[in-house]
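Peer 1: Protein sequence lines correspond, in order, to chains W and B. Counting in our numbering, the first sequence runs from 1390 upward without gaps. Counting in our numbering, the second sequence runs from 1390 upward without gaps. Just so it is clear, CB atoms sit at the ideal spot from N, CA and C, and this is done for glycine as well. Just so you know, these numbers come straight off a predicted model, no measurement behind them. My structure is below; once you've seen it, I'll send some questions.
Number of protein chains: 2
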Amino acid sequence: MAVIEPGDKIEIIAVKGIPDIKPGDDLARIIFEACQKNGILVEENDIFVIASKIVAKAENRFVKLSDIVPSPFSLRASKIVKKDAREIEAILNASRRIIRMRKGIFLAETEFGVVAANAGIDKSNIGKEDYLLLLPKDPDRSARMLRKRLEKLFNKKIAVIISDTYGRTWREGQVDMAIGASGINVFRDYRGSKDMYNRILKVTNIAQADEIASAAELVMGKKKGVPVAIVKHYLYDTTEVPAKKLNRKDAKDLYR
Amino acid sequence: MAVIEPGDKIEIIAVKGIPDIKPGDDLARIIFEACQKNGILVEENDIFVIASKIVAKAENRFVKLSDIVPSPFSLRASKIVKKDAREIEAILNASRRIIRMRKGIFLAETEFGVVAANAGIDKSNIGKEDYLLLLPKDPDRSARMLRKRLEKLFNKKIAVIISDTYGRTWREGQVDMAIGASGINVFRDYRGSKDMYNRILKVTNIAQADEIASAAELVMGKKKGVPVAIVKHYLYDTTEVPAKKLNRKDAKDLYR
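Next up, the structure:
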């Protein structure tokens, strides 16, 4: 089996100067213009990593807290987990499964399948008091739309990864992962191929989209206001295997 | 609170031409010579990411299967999980906690605290039949020793991260993470600092060493035989906060 092996030198560049994103903004054009202003030469197969937060803002995924009417369950749960009942209501609205409830945190599986604290709903860096920001409704679809628009604007074939910051089991701290992807196979699958010593690799299937999201975070930071990075000279399979394939099915999960 | 924010452009370079590592090899010198042969200019604060496998080989962490005498427990467990009793014995020898047993897999907490399938014990890419390769005994210590040797050889202050490939809860596929680190704070901690809108960040504590390990994997691959990468121009806090701090304590784990 052939596996496209990555190249020997990659570059990761912060796309600076992206303004605060507002609902309805043409995000692809804003990214295009920021690249031009920064003199970033976009080449074939560059990978745009875009923070989910600005995608959600452009898609107007804001919810006004004072508009939310909590259900009786949310009101009761609020007392147990010490969390605003309206936030709990918003989490339920964005989820298909509640996995665990702890003080201040619901661990939830979002409607599109990612497992995230509080269903990925955010209050920091959104620039509006009394509002919550939900994740994009369908991040793979968002990635696909952005990819198509960016490809037209730059006249190059590229890939898009939408990233978000997540905690992990067993590990302290958070890392960025891919919640949406287009133009790239989110995996680099070695299963069935041979290692250096001609031995069949049985399990290795690298979640390259998650690694690319993590790599991009290294130039993005949380305070710099850099929500986009470009990964250059990385070799990858362009088969469309979206980020939802990264969501593990319950029964298969050894770690759960 | 001041947080060192990462730079705007980083480079990740594969260090090619590293030969098969044998027990007792001077790994730092081999890496030094490979950099020279490849014309890689090593600069102050470069980060060397080194695959745990070659560190383990240099430290002679091989165990001969036919030398292992399985305990009665390992023999009984072997029938339940369909796994060689001698491998199970080796996993127990390298662990301080067994978290789960499934067909073919023990999920174990190693003696130094990482949670890994089969305690990170490897059979692929080790070049010896009838042998297992354990993880380095104390990867933070290995990282520290390698850092000191590399700093002398290059006459530069650098950081070292020892990486390994891990599965995750909820997510398909594997990514590289940091199991050893020296010369770098494994975290970039924003807790208590303010976001772009002057709002206090409550939870964000980026596991930057894990992200760097993932980023480096993007040039390493599994078949190319590139076990070392250099991350350049990344800004980081050089306070010594080792990788063992990435191991989450049981009681704190929401995701477990």
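Between the Cα of B/E1433 and those of B/G1572, B/K1638 and B/I1547, spot the shortest distance and give me the residue it belongs to.
Peer 2: When each option's Cα is compared against that of B/E1433, the closest is B/I1547.
Peer 1: Would you list the residues sitting across from B/E1400 in a DSSP beta bridge?
Peer 2: DSSP output for B/E1400 lists W/E1400 and B/K1621 as bridge partner(s).
Peer 1: Can you tell me where the alpha helix (DSSP H) with W/V1608 in it begins and where it stops?
Peer 2: Looking at the DSSP string, the run of the alpha helix (DSSP H) that includes W/V1608 is Q1597 to M1609.
Peer 1: Quick one: does B/Q1563 have its CB under 8 Å from some CB of chain W?
Peer 2: It does; some Cβ of chain W falls within 8 Å.
Peer 1: Using a Cβ-Cβ distance cut-off of 8 Å, determine whether B/Y1520 contacts chain W.
Peer 2: By this cut-off, B/Y1520 is not an interface position.
Peer 1: Which residues mark the beginning and the end of the alpha helix (DSSP H) in which B/I1436 is found?
Peer 2: Looking at the DSSP string, B/I1436 is not in any alpha helix (DSSP H); the run it does join, the beta strand (DSSP E), is I1436 to A1440.
Peer 1: In chain order, which continuous runs of the alpha helix (DSSP H) of length 4 or greater are located wholly inside the region 1486 to 1566 of chain B?
Peer 2: You should have 1528 to 1543.
Peer 1: Measure the alpha-carbon distance for B/G1581 versus W/G1413 and round it to whole angstroms.
Peer 2: If I take the Cα positions, the gap works out to 32 Å.
Peer 1: By DSSP, does W/N1482 sit in helix, in strand, or in coil?
Peer 2: The answer is helix: DSSP assigns W/N1482 an H, G or I state.
Peer 1: Out of W/R1577, W/A1447, W/I1399 and W/D1626, state which residue places its alpha-carbon closest to the alpha-carbon of W/P1616.
Peer 2: W/P1616 has its Cα closest to that of W/A1447, out of W/R1577, W/A1447, W/I1399 and W/D1626.
Peer 1: Taking Cβ positions only, does B/K1611 come closer than 8 Å to chain W?
Peer 2: By this cut-off, B/K1611 is an interface position.
Peer 1: To which residues of the same chain is B/E1400 closer than 7 Å at the C-beta, ignoring the five residues directly before and after it?
Peer 2: Excluding positions up to five away in sequence, the list reads K1621 and H1622.
Peer 1: Beta strand (DSSP E) containing B/V1458: first to last residue?
Peer 2: Neither: B/V1458 is in no beta strand (DSSP E) and is coded neither H nor E.
Peer 1: With a Cβ-Cβ cutoff of 8 Å, do W/S1531 and W/D1565 count as a contact?
Peer 2: Not in contact: W/S1531 and W/D1565 (Cβ atoms no closer than 8 Å).
Peer 1: Show which residues of chain A have a CB atom less than 7 Å away from the CB atom of B/E1394.
Peer 2: Absence of chain A from the displayed structure is noted, the protein chains being W and B.
Peer 1: Which residues in the same chain as B/L1539 place their Cβ atom closer than 8 Å to its Cβ, once the five residues preceding and following it in sequence are excluded?
Peer 2: So the qualifying residues of the chain are A1417, I1420, F1421, F1437, I1547 and V1549.
Peer 1: Kindly list the residues whose CB is nearer than 8 Å to the CB of W/V1441, restricted to its own chain and excluding five residues on each side of it in sequence; keep chain order.
Peer 2: Sequence check: residue 1441 of chain W is Ser here, not Val. The residues are G1509, L1524, P1525, P1528, I1551, S1552, D1553, I1568 and G1569.
Peer 1: Is there a Cβ of chain W sitting closer than 8 Å to that of B/D1511, yes or no?
Peer 2: False, the Cβ-Cβ gap to chain W never drops below 8 Å.
Peer 1: Taking only three categories from DSSP, how would you classify B/S1571?
Peer 2: If DSSP states are grouped into helix, strand and coil, B/S1571 belongs with the strands.
Peer 1: How big is the Cα-Cα spacing for B/A1626 and W/K1398?
Peer 2: The sequence given here has Asp at residue 1626 of chain B, not Ala. C-alpha separation (whole angstroms): 24 Å.
Peer 1: Checking 8 Å against the spacing of the C-beta atoms, do W/V1608 and W/A1403 come in under that value?
Peer 2: Yes. Within cutoff.
Peer 1: Three-state secondary structure (DSSP) at B/F1576?
Peer 2: Looking at B/F1576 - three-state DSSP - the assignment turns out to be coil, as it is neither helix nor strand.
Peer 1: Please check if any C-beta of chain W sits within less than 8 Å of the C-beta of B/M1534.
Peer 2: For B/M1534, the answer is no, since every Cβ of chain W falls outside 8 Å of its Cβ.
Peer 1: Under 7 Å: does the beta carbon of W/K1468 sit that close to some heavy atom of the ligand PLP?
Peer 2: As presented, the structure is devoid of all ligands, the ligand PLP included, so that no description of it is given.
Peer 1: Which of the residues in the region 1468 to 1488 of chain B, read from start to end, lie with their CB under 8 Å from any CB of chain W?
Peer 2: Residues passing the 8 Å Cβ filter: none.
Peer 1: Closest to W/N1507 by CA distance: which of W/K1472, W/I1515 and W/G1516 is it?
Peer 2: For the residues W/K1472, W/I1515 and W/G1516, the minimum Cα distance to W/N1507 belongs to W/K1472.
Peer 1: Name the chain W residues that come within less than 9 Å of B/N1574, Cβ to Cβ?
Peer 2: Residues of chain W passing the Cβ test: none, with the nearest at roughly 11 Å.
Peer 1: Compute the Euclidean distance between the alpha carbons of W/S1571 and W/R1536, then round it to the nearest angstrom.
Peer 2: Answer to the nearest angstrom: the Cα atoms are 7 Å apart.
Peer 1: Give the single residue among W/R1637, W/A1598 and W/L1635 whose Cα lies nearest to the Cα of W/P1395.
Peer 2: Ranking W/R1637, W/A1598 and W/L1635 by Cα distance to W/P1395 puts W/A1598 first.
Peer 1: Which of the three DSSP states is assigned to B/K1426 in this structure?
Peer 2: Residue state, collapsed to three classes: helix.
Peer 1: Kindly indicate which three-state DSSP category B/K1633 falls into: helix, strand or coil?
Peer 2: In the structure shown, B/K1633 sits in a helix (DSSP, three-state: H, G or I).
Peer 1: Tell me which residue opens and which closes the beta strand (DSSP E) that W/V1452 is part of.
Peer 2: Where W/V1452 is concerned, the enclosing beta strand (DSSP E) stretches over F1451 to K1453.
Peer 1: If we cut at 8 Å on Cβ distances, does B/D1626 have a partner in chain W?
Peer 2: Cβ-Cβ to chain W under 8 Å: no for B/D1626.
Peer 1: Step through the CB atoms of chain W and report whether any lies within less than 8 Å of the CB of B/I1407.
Peer 2: It does not: the Cβ of B/I1407 has no partner Cβ on chain W nearer than 8 Å.
Peer 1: Count the other CB atoms, across all protein chains shown, that sit within 10 Å of the CB of B/S1463; report buried if there are 16 or more and exposed otherwise.
Peer 2: The residue in question, B/S1463, is buried, as its Cβ has 16 or more Cβ neighbours within 10 Å.
Peer 1: Examine chain W for any beta-carbon lying closer than 8 Å to the beta-carbon of B/S1652, and answer yes or no.
Peer 2: Since the first residue shown for chain B is 1390 and the last is 1645, residue 1652 of chain B is missing from the structure and cannot be characterised.
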